[in-house]
Amino acid sequence: MFIQTLLTGLAIGGIYALMAVGYSLVFSILNFSNFAYGSIIMLGAYIGYYAMVKLGMPVGVSIIVSILGSATLCYLNERLAYSPLRKRRASSLFFMISAMGTSIFLENLVYATIGARFYSFPELFKTHNLAFGGISIGLLDVFAIAFSFCAIMSLNLFLQRSRTGIAIRAASYDIDVCMLNGVNITALIGLVFGFAGALAGISGMFLGMKYIVYPTMGWITAKAYIAAVIGGLGSLPGAVVGGVLLGVLETFVSAYVSSVVRDVFSFSLLVLLLMVMPTGLFGRFLEEKV
Amino acid sequence: MLSIRNLNVKYGEIHALHDISVEVGQGRVVAVVGANGAGKTTLMTTLAGLLSPASGEILFEGKALPKEAYKILGCGICLVPERRRLYANLTVRENLLMGAYLRKDKAGIAADLERMYDLFPIMRERVKQYAGTLSGGEQQMVAIARGLMSRPKILLLDEPSLGLAPIMVQTMFKAIKDINAEGVTVLLAEQNAFQALDMADEAFVLETGHVLVAGTGKELLDNPLVQKAYLGVKH
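If you read the protein sequences in the order shown, they are chains A and B. For what it's worth, this note's numbering labels the leading residue of the first sequence as 185, then goes sequentially. For what it's worth, this note's numbering labels the leading residue of the second sequence as 1367, then goes sequentially.
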């Protein structure tokens, strides 16, 4: 029971971590909460669903289509909604308001065009279970853990080693100096949103396959925000640790206490943590920035 | 090499620079002295492309400057900003690599890293440390080295001696001389007027956004007006 719960928690935590990393990437560079991110995840799920069910593409191809689609949408989101604000040097409050507006717009766009119907992916993975030593884990969960892990590790490697990766970390500290160092900041921010969108595509796809696809499913990013805050806003290792931690803790609360108090627990954890540790577990650079 | 003609810069209603005209010749050290708020930093950030001029023109090697900061660096103009502004979350080495961001020659970058460690030996011990953990003097050296990593034709230094211990100020000015001796043109904004005028070929004094007086470094050192206002000499 314990190990079973842990594995399920890790699978959920992996998806939370993906979302939290995507969210934190944007936060670290532009210093605002991108509330439109949940809607991009939701659209990623719709794109994946459409590719797989309506066009009959295989799962792997559908995931790639979903990744590319979400990355493009996230990029366009920045170009259309945030770039003009950035050029006017608007404060982060305006970015946040614009993000909320975008989120509501996208959800209602889906209501108006596709409708409020719930869609469910074919029972492809849900029924497949891997059983060993009395533990049974869904194939989908195994995929979620493996895929999240690979995506996050390759992103991390890219950020640590590559020239562009170093520039992204530099920009998260000081955008103006980054421009002085010859970085085309508009292109760099576009790329960061593209990466965030790609992660949104993966998490949207997994969320859709695990649960169902519907217009407000993006609100699950509230959990990603909690995860990012636990880890320390803007910190990528923090987002990963926060996401996995939250996923595992939640699953244990569901399993051992009751699934009804799960969200009560998560949000209490957020409020409590903000009181005791406002910068989260890894939020040290943010302190220096202020 | 760098010609500034009738440059005006405004922050909204505030007119920060009035009709500034300055020439910076190839291989020269030109100093800009003036008090806090005189417009030195405004001039430097405008040249680097972070601010846009309201009117006037800036020509570099006879051509108008591009608008975007990253293209200006590509032309060979590099600003080392006031208060160093290192990336505290990156290591010293990564900070230096950011300076070479536009360069593609890997071998050249590696050779230049070595050159920087020779120029500022203390950095060699600090390469793997986060820049945020360095002392002020060390940070200023890394900031200048980061600027040099772009192989600039002209280096704009904004208050390099600010907040440094006196001994570090000496090291800093010596380093600037060495850099200039290697052929890099230097435009130096300083509150430390004596040191700056002493090493400058040419200089001008900014006061509330106007060029008050200009001449060679020596002339300004001997100018009674400059002595009284900026060098603390009593007449």
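Glycine included, C-beta positions come from ideal geometry on N, C-alpha and C. All values derive from a computational prediction rather than experimental measurement.
{"Item": "Between the CA atoms of residue 235 of chain A and residue 249 of chain A - distance to the nearest angstrom", "Value": "7 Å"}
{"Item": "Rounded separation between residue 1466 of chain B and residue 1438 of chain B - CA only", "Value": "14 Å"}
{"Item": "Check whether residue 1586 of chain B and residue 1577 of chain B have beta carbons under 8 Å apart", "Value": "no"}
{"Item": "Buried versus exposed, by CB contacts within 10 Å (16 or more), residue 1583 of chain B", "Value": "buried"}
{"Item": "Against chain A: residues of the stretch 1463-1488 of chain B by CB proximity under 7 Å", "Value": "1463, 1464, 1465, 1467 and 1468"}
{"Item": "Test: residue 471 of chain A CB closer than 8 Å to a CB of chain B", "Value": "For residue 471 of chain A, the pLDDT reaches just 41, beneath the cut-off of 50, and the residue's location in the model is therefore unreliable, although a value from the coordinates is still provided. Cβ-Cβ to chain B under 8 Å: no for residue 471 of chain A."}
{"Item": "DSSP state of residue 1453 of chain B mapped onto helix, strand, coil", "Value": "coil"}
{"Item": "Residues in the stretch 1504-1519 of chain B having any Cβ partner in chain A nearer than 8 Å", "Value": "1512 and 1516"}
{"Item": "N-terminal and C-terminal residue of the alpha helix (DSSP H) that residue 216 of chain A is part of", "Value": "That residue, residue 216 of chain A, is in no alpha helix (DSSP H); it is neither H nor E in DSSP."}
{"Item": "Option in A:308, A:324, A:217 and A:209 with minimal Cα separation from residue 406 of chain A", "Value": "A:217"}
{"Item": "Any chain B beta carbon closer than 8 Å to residue 357 of chain A", "Value": "yes"}
{"Item": "Cross-strand partners of residue 1381 of chain B (DSSP beta bridge)", "Value": "B:1376"}
{"Item": "Within-8 Å CB hit, residue 1440 of chain B to chain A", "Value": "yes"}
{"Item": "Closer than 7 Å: residue 1598 of chain B CB and nearest the ligand COA heavy atom", "Value": "Of ligands this structure carries none, so the ligand COA is not represented either."}
{"Item": "C-beta neighbour in chain B for residue 415 of chain A, strict 8 Å", "Value": "no"}
{"Item": "Between the CA atoms of residue 185 of chain A and residue 399 of chain A - distance to the nearest angstrom", "Value": "34 Å"}
{"Item": "Residues bridged to residue 1569 of chain B (per DSSP)", "Value": "B:1397 and B:1581"}
{"Item": "Chain B contact residues for residue 456 of chain A, given Cβ-Cβ distances below 8 Å", "Value": "Correct list: empty, because the minimum Cβ distance to chain B is about 28 Å."}
{"Item": "Backbone CA spacing between residue 1542 of chain B and residue 1461 of chain B [nearest angstrom]", "Value": "20 Å"}
{"Item": "Enclosing alpha helix (DSSP H) for residue 305 of chain A [first to last residue]", "Value": "Unbroken run through residue 305 of chain A: none, as it is neither H nor E."}
{"Item": "Residues of its chain near residue 454 of chain A, where Cβ-Cβ distance is below 7 Å and the 5 sequence neighbours each way are ignored", "Value": "410 and 413"}
{"Item": "C-alpha gap between residue 1371 of chain B and residue 340 of chain A, whole angstroms", "Value": "47 Å"}
{"Item": "Nearest candidate by alpha-carbon position, reference residue 1488 of chain B, set B:1574, B:1477 and B:1501", "Value": "B:1501"}
{"Item": "Min CB distance residue 354 of chain A to chain B below 8 Å", "Value": "yes"}
{"Item": "For residue 418 of chain A and residue 279 of chain A, believed in contact at Cβ under 8 Å, the rounded distance", "Value": "Between residue 418 of chain A and residue 279 of chain A the Cβ distance is about 14 Å, and since that is not below 8 Å, they are no contact."}
{"Item": "Chain-ordered neighbours of residue 1414 of chain B on chain A, where CB pairs are closer than 8 Å", "Value": "364"}
{"Item": "8 Å CB neighbourhood of residue 471 of chain A in its chain, flanking five on each side removed", "Value": "With a pLDDT of 41 at residue 471 of chain A, under the threshold of 50, the modelled position of that residue is not reliable, and no figure is offered here."}
{"Item": "Listed by chain order, chain E residues near residue 350 of chain A by CB distance under 8 Å", "Value": "You won't find chain E in this structure, because its protein chains are A and B."}
{"Item": "With 16 other Cβ atoms within 10 Å as the buried cut-off, status of residue 1380 of chain B", "Value": "exposed"}
{"Item": "Continuous alpha helix (DSSP H) assignments of at least 4 residues falling wholly in the stretch 375-429 of chain A", "Value": "405-415"}
{"Item": "For residue 423 of chain A and residue 204 of chain A, the rounded distance between their alpha carbons", "Value": "5 Å"}
{"Item": "Where residue 273 of chain A falls: helix, strand or coil (DSSP)", "Value": "coil"}
{"Item": "Interface positions of the stretch 1420-1450 of chain B facing chain A (Cβ-Cβ less than 7 Å), listed along the chain", "Value": "1435, 1436, 1439, 1440, 1445 and 1447"}
{"Item": "Own chain partners of residue 437 of chain A with C-beta closer than 7 Å, once the 5 adjacent residues on each side are dropped", "Value": "445, 446 and 449"}
{"Item": "Unbroken stretches of the beta strand (DSSP E), 3 residues or longer, contained in the stretch 1415-1492 of chain B", "Value": "1421-1426 and 1443-1446"}
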